[in-house]
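Residue numbering for the sequence shown follows the numbering used here, beginning at 72 and increasing consecutively. Glycine residues also receive a C-beta, built at the ideal position from the N, C-alpha and C atoms.
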Amino acid sequence: MKNSAAAFLIFASFFSPLKAQEKEIESLAYENYKQGNLTKAADYYLKQASLNPSDPKPLLNAAMCEKQKDNYEAAISLLQKAFALDYNNSEIAAEIGWLKFHLADYEGALPFFEKSLKINPSNQRAYLGASAVYAQLKDIVKTVENLKKYEELRKDFAGVDYIYAWNYVNFGLYEQAREHLINVLRKDPSFVEARLPLAGIYLREGKYNEAWNQYERVLDYAPNHPLAKEMLNKIRGKLTAQPEDIRPPFKIKNPTVTEYVDAINELKKSPNIRVALGANNKGEQWRNKSVKIRSFGKLKVIGKRSGKEFAVIYPGDIWEIKYSNGSLSLK
(Lines of atoms letter the chains of each structure in order from A and count residues from 1; the text may use other names and numbers.)
(Lines give C-alpha, C1' and ligand atoms only; values in the text may rest on other atoms or scores of the structure.)
Protein backbone atom coordinates (compact mmCIF):
# COMPACT_ATOMS: atom_id res chain seq x y z
CA MET A 1 0.00 0.00 0.00
CA LYS A 2 2.82 2.36 0.93
CA ASN A 3 4.58 1.54 -2.33
CA SER A 4 1.38 2.29 -4.31
CA ALA A 5 0.93 5.63 -2.56
CA ALA A 6 4.55 6.55 -3.18
CA ALA A 7 4.22 5.62 -6.84
CA PHE A 8 1.09 7.78 -7.13
CA LEU A 9 2.82 10.77 -5.53
CA ILE A 10 5.79 10.40 -7.88
CA PHE A 11 3.40 10.16 -10.87
CA ALA A 12 1.34 13.14 -9.68
CA SER A 13 4.42 15.29 -9.12
CA PHE A 14 5.51 14.50 -12.68
CA PHE A 15 2.07 14.79 -14.27
CA SER A 16 0.81 18.06 -12.80
CA PRO A 17 3.66 20.33 -14.03
CA LEU A 18 3.44 18.67 -17.45
CA LYS A 19 -0.29 19.37 -17.70
CA ALA A 20 0.24 22.92 -16.49
CA GLN A 21 2.93 23.43 -19.13
CA GLU A 22 0.63 22.03 -21.81
CA LYS A 23 -2.19 24.38 -20.77
CA GLU A 24 0.17 27.35 -20.79
CA ILE A 25 1.38 26.51 -24.30
CA GLU A 26 -2.19 26.04 -25.52
CA SER A 27 -3.08 29.46 -24.11
CA LEU A 28 -0.10 31.07 -25.87
CA ALA A 29 -1.10 29.37 -29.11
CA TYR A 30 -4.65 30.67 -28.90
CA GLU A 31 -3.55 34.22 -28.05
CA ASN A 32 -1.26 34.28 -31.07
CA TYR A 33 -4.05 32.84 -33.22
CA LYS A 34 -6.45 35.60 -32.15
CA GLN A 35 -3.83 38.23 -32.97
CA GLY A 36 -3.32 36.74 -36.42
CA ASN A 37 0.18 35.41 -35.67
CA LEU A 38 -0.57 32.12 -37.38
CA THR A 39 3.01 30.86 -37.71
CA LYS A 40 3.69 31.33 -33.99
CA ALA A 41 0.31 29.82 -33.13
CA ALA A 42 1.05 26.74 -35.23
CA ASP A 43 4.47 26.37 -33.59
CA TYR A 44 2.91 26.47 -30.13
CA TYR A 45 0.24 23.93 -31.10
CA LEU A 46 2.95 21.60 -32.40
CA LYS A 47 4.87 22.02 -29.15
CA GLN A 48 1.67 21.13 -27.29
CA ALA A 49 1.28 18.07 -29.54
CA SER A 50 4.79 16.91 -28.62
CA LEU A 51 3.86 17.01 -24.93
CA ASN A 52 0.71 14.95 -25.51
CA PRO A 53 1.31 12.86 -28.66
CA SER A 54 -1.90 10.83 -28.27
CA ASP A 55 -4.18 13.89 -28.49
CA PRO A 56 -5.18 14.86 -32.06
CA LYS A 57 -6.57 18.27 -31.06
CA PRO A 58 -3.26 20.24 -31.10
CA LEU A 59 -2.51 18.79 -34.53
CA LEU A 60 -5.94 19.86 -35.75
CA ASN A 61 -5.40 23.37 -34.41
CA ALA A 62 -1.98 23.58 -36.06
CA ALA A 63 -3.53 22.37 -39.32
CA MET A 64 -6.17 25.11 -39.07
CA CYS A 65 -3.40 27.71 -38.79
CA GLU A 66 -1.58 26.32 -41.82
CA LYS A 67 -4.83 26.27 -43.79
CA GLN A 68 -5.46 29.92 -43.03
CA LYS A 69 -1.94 30.67 -44.27
CA ASP A 70 -2.95 28.90 -47.51
CA ASN A 71 -0.26 26.31 -46.78
CA TYR A 72 -2.50 23.41 -47.70
CA GLU A 73 0.26 20.80 -48.04
CA ALA A 74 1.39 21.36 -44.44
CA ALA A 75 -2.23 21.36 -43.26
CA ILE A 76 -2.88 18.03 -45.01
CA SER A 77 0.22 16.47 -43.43
CA LEU A 78 -0.92 17.52 -39.94
CA LEU A 79 -4.49 16.37 -40.57
CA GLN A 80 -3.27 12.97 -41.70
CA LYS A 81 -1.32 12.61 -38.43
CA ALA A 82 -4.45 13.59 -36.50
CA PHE A 83 -6.53 11.13 -38.53
CA ALA A 84 -4.09 8.34 -37.63
CA LEU A 85 -4.85 9.09 -33.96
CA ASP A 86 -8.60 9.46 -34.51
CA TYR A 87 -9.36 7.23 -37.50
CA ASN A 88 -13.13 7.22 -36.83
CA ASN A 89 -13.38 10.98 -37.26
CA SER A 90 -15.40 11.59 -40.41
CA GLU A 91 -14.81 15.36 -40.31
CA ILE A 92 -11.02 15.03 -40.45
CA ALA A 93 -11.25 12.78 -43.51
CA ALA A 94 -13.63 15.23 -45.21
CA GLU A 95 -11.34 18.17 -44.45
CA ILE A 96 -8.34 16.37 -45.98
CA GLY A 97 -10.49 15.72 -49.03
CA TRP A 98 -11.41 19.39 -49.36
CA LEU A 99 -7.82 20.58 -49.01
CA LYS A 100 -6.70 18.14 -51.69
CA PHE A 101 -9.57 19.37 -53.84
CA HIS A 102 -8.38 22.97 -53.48
CA LEU A 103 -4.93 21.81 -54.60
CA ALA A 104 -6.62 20.34 -57.72
CA ASP A 105 -5.64 16.82 -56.56
CA TYR A 106 -9.08 15.50 -57.43
CA GLU A 107 -8.18 11.82 -57.59
CA GLY A 108 -6.34 12.17 -54.28
CA ALA A 109 -9.31 13.92 -52.67
CA LEU A 110 -11.92 11.34 -53.61
CA PRO A 111 -10.69 8.47 -51.34
CA PHE A 112 -10.89 10.76 -48.31
CA PHE A 113 -14.47 11.77 -49.07
CA GLU A 114 -15.26 8.07 -49.47
CA LYS A 115 -13.57 7.28 -46.13
CA SER A 116 -15.53 10.07 -44.49
CA LEU A 117 -18.82 8.67 -45.79
CA LYS A 118 -17.90 5.12 -44.77
CA ILE A 119 -17.43 6.39 -41.21
CA ASN A 120 -20.50 8.64 -41.30
CA PRO A 121 -22.96 8.16 -44.19
CA SER A 122 -24.66 11.44 -43.20
CA ASN A 123 -21.63 13.70 -43.60
CA GLN A 124 -22.94 16.58 -45.72
CA ARG A 125 -19.52 18.08 -46.51
CA ALA A 126 -18.27 14.74 -47.80
CA TYR A 127 -21.17 14.33 -50.25
CA LEU A 128 -20.68 17.91 -51.41
CA GLY A 129 -16.95 17.31 -51.78
CA ALA A 130 -17.45 14.10 -53.73
CA SER A 131 -19.87 15.87 -56.08
CA ALA A 132 -17.34 18.67 -56.59
CA VAL A 133 -14.61 16.14 -57.44
CA TYR A 134 -16.79 14.28 -59.93
CA ALA A 135 -17.77 17.60 -61.53
CA GLN A 136 -14.08 18.35 -62.11
CA LEU A 137 -13.61 14.84 -63.51
CA LYS A 138 -16.54 15.53 -65.91
CA ASP A 139 -18.64 12.68 -64.52
CA ILE A 140 -22.13 14.18 -64.45
CA VAL A 141 -23.82 10.95 -63.30
CA LYS A 142 -21.67 10.71 -60.16
CA THR A 143 -21.88 14.47 -59.62
CA VAL A 144 -25.68 14.39 -59.52
CA GLU A 145 -25.73 11.14 -57.54
CA ASN A 146 -23.74 12.72 -54.70
CA LEU A 147 -25.70 15.97 -54.87
CA LYS A 148 -28.91 13.99 -54.43
CA LYS A 149 -27.46 12.42 -51.27
CA TYR A 150 -26.54 15.90 -50.06
CA GLU A 151 -30.04 17.14 -50.93
CA GLU A 152 -31.64 14.36 -48.87
CA LEU A 153 -29.85 15.74 -45.82
CA ARG A 154 -30.76 19.40 -46.57
CA LYS A 155 -34.14 19.24 -48.31
CA ASP A 156 -35.24 22.82 -47.63
CA PHE A 157 -31.89 24.46 -48.31
CA ALA A 158 -32.12 26.66 -51.39
CA GLY A 159 -28.36 26.49 -51.82
CA VAL A 160 -28.60 22.85 -52.93
CA ASP A 161 -30.47 23.88 -56.07
CA TYR A 162 -27.95 26.67 -56.62
CA ILE A 163 -25.13 24.11 -56.56
CA TYR A 164 -27.07 21.87 -58.94
CA ALA A 165 -27.55 24.82 -61.28
CA TRP A 166 -23.88 25.76 -61.46
CA ASN A 167 -22.92 22.17 -62.15
CA TYR A 168 -25.46 21.94 -64.96
CA VAL A 169 -24.17 25.24 -66.38
CA ASN A 170 -20.63 23.87 -66.34
CA PHE A 171 -21.86 20.78 -68.21
CA GLY A 172 -23.68 23.01 -70.73
CA LEU A 173 -27.12 21.77 -69.61
CA TYR A 174 -28.84 25.14 -69.39
CA GLU A 175 -32.44 23.91 -69.27
CA GLN A 176 -31.77 21.83 -66.15
CA ALA A 177 -29.82 24.74 -64.66
CA ARG A 178 -32.76 27.09 -65.28
CA GLU A 179 -35.21 24.81 -63.47
CA HIS A 180 -32.96 24.56 -60.43
CA LEU A 181 -32.41 28.34 -60.30
CA ILE A 182 -36.18 28.85 -60.41
CA ASN A 183 -36.49 26.33 -57.59
CA VAL A 184 -33.92 28.31 -55.57
CA LEU A 185 -36.22 31.33 -55.77
CA ARG A 186 -39.29 29.29 -54.86
CA LYS A 187 -37.55 28.22 -51.67
CA ASP A 188 -35.93 31.59 -50.94
CA PRO A 189 -37.00 34.60 -53.08
CA SER A 190 -34.24 36.67 -51.49
CA PHE A 191 -31.49 34.42 -52.84
CA VAL A 192 -30.22 37.20 -55.11
CA GLU A 193 -27.20 35.19 -56.28
CA ALA A 194 -29.57 33.01 -58.34
CA ARG A 195 -31.11 35.89 -60.28
CA LEU A 196 -28.14 36.95 -62.41
CA PRO A 197 -27.33 33.48 -63.81
CA LEU A 198 -31.07 32.86 -64.33
CA ALA A 199 -31.31 36.11 -66.29
CA GLY A 200 -28.31 35.01 -68.35
CA ILE A 201 -29.98 31.72 -69.24
CA TYR A 202 -33.17 33.54 -70.24
CA LEU A 203 -31.08 35.74 -72.55
CA ARG A 204 -29.58 32.63 -74.17
CA GLU A 205 -33.14 31.43 -74.79
CA GLY A 206 -34.27 34.78 -76.20
CA LYS A 207 -36.70 35.30 -73.30
CA TYR A 208 -36.02 39.00 -72.80
CA ASN A 209 -39.10 39.73 -70.68
CA GLU A 210 -38.14 37.01 -68.20
CA ALA A 211 -34.54 38.24 -68.09
CA TRP A 212 -35.84 41.77 -67.45
CA ASN A 213 -37.77 40.47 -64.44
CA GLN A 214 -34.66 39.04 -62.86
CA TYR A 215 -32.51 42.14 -63.39
CA GLU A 216 -35.30 44.27 -61.89
CA ARG A 217 -35.38 42.07 -58.81
CA VAL A 218 -31.62 42.47 -58.36
CA LEU A 219 -32.22 46.24 -58.31
CA ASP A 220 -34.78 45.74 -55.52
CA TYR A 221 -31.81 44.96 -53.30
CA ALA A 222 -29.06 47.00 -54.88
CA PRO A 223 -30.44 49.95 -56.90
CA ASN A 224 -26.98 50.76 -58.26
CA HIS A 225 -25.91 47.25 -59.25
CA PRO A 226 -23.82 47.97 -62.39
CA LEU A 227 -24.39 44.72 -64.30
CA ALA A 228 -28.16 44.70 -63.71
CA LYS A 229 -28.45 48.33 -64.82
CA GLU A 230 -26.28 47.73 -67.88
CA MET A 231 -28.29 44.69 -68.99
CA LEU A 232 -31.64 46.43 -68.51
CA ASN A 233 -30.47 49.15 -70.88
CA LYS A 234 -29.23 46.60 -73.41
CA ILE A 235 -32.41 44.53 -73.60
CA ARG A 236 -34.98 47.31 -73.28
CA GLY A 237 -35.45 47.47 -77.06
CA LYS A 238 -36.05 43.70 -77.27
CA LEU A 239 -38.98 43.55 -74.83
CA THR A 240 -42.36 42.43 -76.15
CA ALA A 241 -44.23 44.36 -73.45
CA GLN A 242 -43.83 47.66 -71.65
CA PRO A 243 -41.49 47.34 -68.65
CA GLU A 244 -44.24 48.43 -66.26
CA ASP A 245 -46.51 45.68 -67.63
CA ILE A 246 -44.04 42.87 -66.95
CA ARG A 247 -45.11 41.25 -63.71
CA PRO A 248 -42.09 40.17 -61.65
CA PRO A 249 -42.16 36.60 -60.28
CA PHE A 250 -41.24 35.81 -56.66
CA LYS A 251 -41.29 39.50 -55.75
CA ILE A 252 -40.02 40.36 -52.26
CA LYS A 253 -42.36 42.32 -50.03
CA ASN A 254 -40.71 45.54 -48.83
CA PRO A 255 -37.11 44.49 -49.57
CA THR A 256 -34.26 45.91 -47.55
CA VAL A 257 -32.55 48.30 -49.95
CA THR A 258 -28.79 48.72 -49.67
CA GLU A 259 -26.20 50.39 -51.81
CA TYR A 260 -24.31 48.09 -54.14
CA VAL A 261 -20.89 47.13 -52.77
CA ASP A 262 -18.17 46.08 -55.21
CA ALA A 263 -16.55 43.73 -52.69
CA ILE A 264 -19.78 41.82 -52.10
CA ASN A 265 -20.18 41.26 -55.84
CA GLU A 266 -16.71 39.77 -56.06
CA LEU A 267 -17.22 37.62 -52.97
CA LYS A 268 -20.44 36.19 -54.41
CA LYS A 269 -18.38 34.67 -57.21
CA SER A 270 -16.02 33.04 -54.75
CA PRO A 271 -16.42 29.63 -53.06
CA ASN A 272 -15.08 31.29 -49.91
CA ILE A 273 -18.31 33.05 -48.94
CA ARG A 274 -22.09 32.88 -49.05
CA VAL A 275 -23.90 36.22 -49.00
CA ALA A 276 -27.67 36.46 -48.77
CA LEU A 277 -30.64 38.17 -47.20
CA GLY A 278 -32.81 35.86 -45.12
CA ALA A 279 -36.43 35.41 -46.22
CA ASN A 280 -39.10 32.79 -45.80
CA ASN A 281 -40.97 31.05 -48.61
CA LYS A 282 -43.61 33.81 -48.71
CA GLY A 283 -41.03 36.38 -49.65
CA GLU A 284 -41.18 38.08 -46.26
CA GLN A 285 -37.85 39.13 -44.85
CA TRP A 286 -36.86 38.50 -41.28
CA ARG A 287 -37.73 41.35 -38.97
CA ASN A 288 -34.13 42.08 -38.09
CA LYS A 289 -33.37 43.01 -41.72
CA SER A 290 -29.92 41.51 -41.84
CA VAL A 291 -27.43 40.04 -44.25
CA LYS A 292 -25.67 36.91 -43.05
CA ILE A 293 -22.35 35.81 -44.47
CA ARG A 294 -20.43 32.63 -43.84
CA SER A 295 -16.78 32.39 -44.75
CA PHE A 296 -14.96 29.30 -45.96
CA GLY A 297 -11.60 31.04 -46.07
CA LYS A 298 -9.93 33.87 -44.19
CA LEU A 299 -11.48 37.23 -45.14
CA LYS A 300 -10.52 40.77 -44.25
CA VAL A 301 -13.23 43.42 -43.88
CA ILE A 302 -11.90 46.77 -45.04
CA GLY A 303 -13.68 50.11 -44.88
CA LYS A 304 -14.50 51.32 -48.39
CA ARG A 305 -13.72 54.97 -47.68
CA SER A 306 -11.08 54.74 -44.98
CA GLY A 307 -9.26 51.68 -46.33
CA LYS A 308 -8.87 50.60 -42.70
CA GLU A 309 -9.08 46.94 -41.76
CA PHE A 310 -11.63 46.58 -38.98
CA ALA A 311 -12.38 42.86 -38.88
CA VAL A 312 -10.97 39.49 -39.85
CA ILE A 313 -13.41 36.67 -40.56
CA TYR A 314 -11.99 33.20 -40.11
CA PRO A 315 -13.12 30.01 -41.90
CA GLY A 316 -16.46 28.78 -40.63
CA ASP A 317 -17.34 32.08 -38.96
CA ILE A 318 -20.85 33.40 -39.52
CA TRP A 319 -21.22 37.19 -39.42
CA GLU A 320 -24.38 39.21 -39.44
CA ILE A 321 -24.64 42.61 -41.10
CA LYS A 322 -27.49 44.58 -39.54
CA TYR A 323 -29.41 47.16 -41.52
CA SER A 324 -30.84 49.93 -39.37
CA ASN A 325 -31.69 53.60 -39.94
CA GLY A 326 -30.18 53.62 -43.39
CA SER A 327 -26.78 52.20 -42.46
CA LEU A 328 -25.05 48.83 -42.24
CA SER A 329 -23.10 47.53 -39.27
CA LEU A 330 -21.09 44.32 -38.89
CA LYS A 331 -21.68 42.21 -35.78
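| query | K217: buried (16+ other C-beta within 10 angstroms of its C-beta) or exposed? | reply | Along the sequence shown, read from residue 1 onward, the residue named residue 217 stands at position 146. For the record, residue 217 in the displayed sequence is Asn; it is not Lys. Counting Cβ neighbours within 10 Å, N217 comes out buried, since at least 16 surround it.
| message | Considering only their Cβ atoms, is the gap separating A91 from A113 smaller than 9 Å? | response | Within the sequence shown, residue 113 is the residue found at index 42, counting from 1. Within the sequence shown, residue 91 is the residue found at index 20, counting from 1. Against a cut-off of 9 Å, the Cβ pair of A91 and A113 comes out as no contact.
| Proximal residues to Y177 (C-beta, below 7 Å), its chain only, five neighbours per side dropped | Here the question's residue 177 lines up with position 106 in the sequence shown. If we look at Y177 and ignore the five residues flanking it on each side, its Cβ neighbours are V204, Q207, L208.
| said: Cutting at 6 Å between CB atoms, please list the residues of its own chain near T329, excluding the five before and the five after it. | reply: In the sequence shown, residue 329 corresponds to position 258, counting from 1. Note that T329 scores a pLDDT of 44, beneath 50, so its modelled location is shaky and nothing firm can be said.
| message | Quick check: what's the CA-CA separation for Y292 versus I272? | response | For the purposes of this step, residue 292 is identified with residue 221 of the sequence shown, where counting begins at 1. For the purposes of this step, residue 272 is identified with residue 201 of the sequence shown, where counting begins at 1. Whole-angstrom Cα-Cα distance: 21 Å.
| query | Starting from V255 and walking both ways along the alpha helix (DSSP H), at which residues does that stretch end? | reply | For the purposes of this step, residue 255 is taken as the residue at position 184 of the sequence shown. Note, V255: alpha helix (DSSP H), 245–258.
| Sequence-distant residues of the same chain with beta carbon closer than 6 Å to A197, five excluded per side | The residue given as residue 197 occupies position 126 in the sequence shown. Around A197: A165, F184, S187, L188.
| task | Grab me the residues of Y245's own chain with a C-beta within less than 8 Å of its C-beta, minus the 5 sequence neighbours each way, in chain order. | result | On the sequence shown, residue 245 is found 174 positions in, with the first residue counted as 1. Excluding positions up to five away in sequence, the list reads Y239, I272, R275, E276.
| task | For Y235, collect the residues of the same chain with a Cβ closer than 7 Å to its Cβ; drop the 5 residues on either side in sequence, then sort them by chain order. | result | The residue labelled residue 235 in the question sits at position 164 within the sequence shown. Closer than 7 Å at Cβ, skipping near neighbours: L218, H251.
| request: Measure the C-alpha to C-alpha separation of I163 and A270 and round it to an integer number of angstroms. | output: Along the sequence shown, one-based indexing puts residue 163 at 92. Along the sequence shown, one-based indexing puts residue 270 at 199. Looking at the two C-alpha atoms, the distance is approximately 39 Å.
| query | For the alpha helix (DSSP H) that contains N241, what are its first and last residues? | reply | Here residue 241 is taken as the residue at index 170 of the sequence shown, counted from 1. Residues 229–241.
| query | Which of helix, strand or coil does DSSP assign to L174? | reply | Translated into the one-based positions of the sequence shown, residue 174 becomes position 103. Note: L174 maps to coil in three-state DSSP.
| task | State the Cα-Cα distance for the pair Q247 and L290, rounded to the nearest angstrom. | result | On the sequence shown, residue 247 is found 176 positions in, with the first residue counted as 1. On the sequence shown, residue 290 is found 219 positions in, with the first residue counted as 1. So the two alpha carbons sit approximately 26 Å from each other.
| Range covered by the alpha helix (DSSP H) that runs through K300 | In the sequence shown, the residue the question calls residue 300 occupies position 229. Segment 297–306, the alpha helix (DSSP H) holding K300.
| message | Measuring only the C-alpha atoms, how far is W169 from P314? | response | As a working note, residue 169 is residue 98 in the sequence shown. As a working note, residue 314 is residue 243 in the sequence shown. Spanning the two alpha carbons is a distance of roughly 45 Å.
| What residues in its chain sit with their C-beta under 7 Å from that of R249, if we drop five residues either side in the sequence? | Residue mapping note: residue 249 aligns to position 178 of the sequence shown, counting from 1. Answer for R249: L269, I272, listed in chain order.
| If you scan the region 102–126 from start to end, which runs of the alpha helix (DSSP H) of 4 or more residues do you find wholly inside it? | 109–122
| query | Excluding the five sequence neighbours on either side, which residues of its own chain have a C-beta within less than 7 Å of the C-beta of N241, listed in chain order? | reply | As a first step, residue 241 is located in the sequence shown; it is residue number 170 there, counting from the start. Correct list, in chain order: A206.
| task | Compare the Cα-Cα distances from K105 to each of F172, C136, Q285 and report the closest residue. | result | For this step, residue 105 is matched to residue 34 along the sequence shown. The shortest Cα separation from K105 among F172, C136, Q285 belongs to C136.
| When the distance is taken between beta carbons, is E102 closer than 9 Å to Q458? | There is no way to answer for residue 458, as the model of the chain reaches only from 72 to 402.
| said: Suppose contacts are defined by Cβ-Cβ distances below 9 Å. Is E153 in contact with L122 by that definition? | reply: Residue numbering aside, residue 153 sits at position 82 when the sequence shown is read from its first letter. Residue numbering aside, residue 122 sits at position 51 when the sequence shown is read from its first letter. The sequence as given places Ala at residue 153; Glu does not occur at that position. Against a cut-off of 9 Å, the Cβ pair of L122 and A153 comes out as no contact.
| task | With Y198 as the anchor, note down where its alpha helix (DSSP H) starts and where it stops. | result | Translated into positions along the sequence shown, residue 198 becomes position 127. That run of the alpha helix (DSSP H) goes 195–207.
| What are the boundary residues of the alpha helix (DSSP H) that T214 is part of? | Position 143 of the sequence shown, counted from the start, is the residue given in the question as residue 214. Segment 211–224, the alpha helix (DSSP H) holding T214.
| request: Measure how close the beta-carbons of I306 and Y279 come, nearest whole angstrom, since I'm counting them as under 8 Å. | output: Here residue 306 is taken as the residue at index 235 of the sequence shown, counted from 1. Here residue 279 is taken as the residue at index 208 of the sequence shown, counted from 1. Correct: roughly 5 Å between the Cβ atoms.
| If you count every other CB in all the chains shown that lies within 10 Å of the CB of L109, and 16 or more means buried, which is it? | Here the question's residue 109 lines up with position 38 in the sequence shown. It counts as buried.
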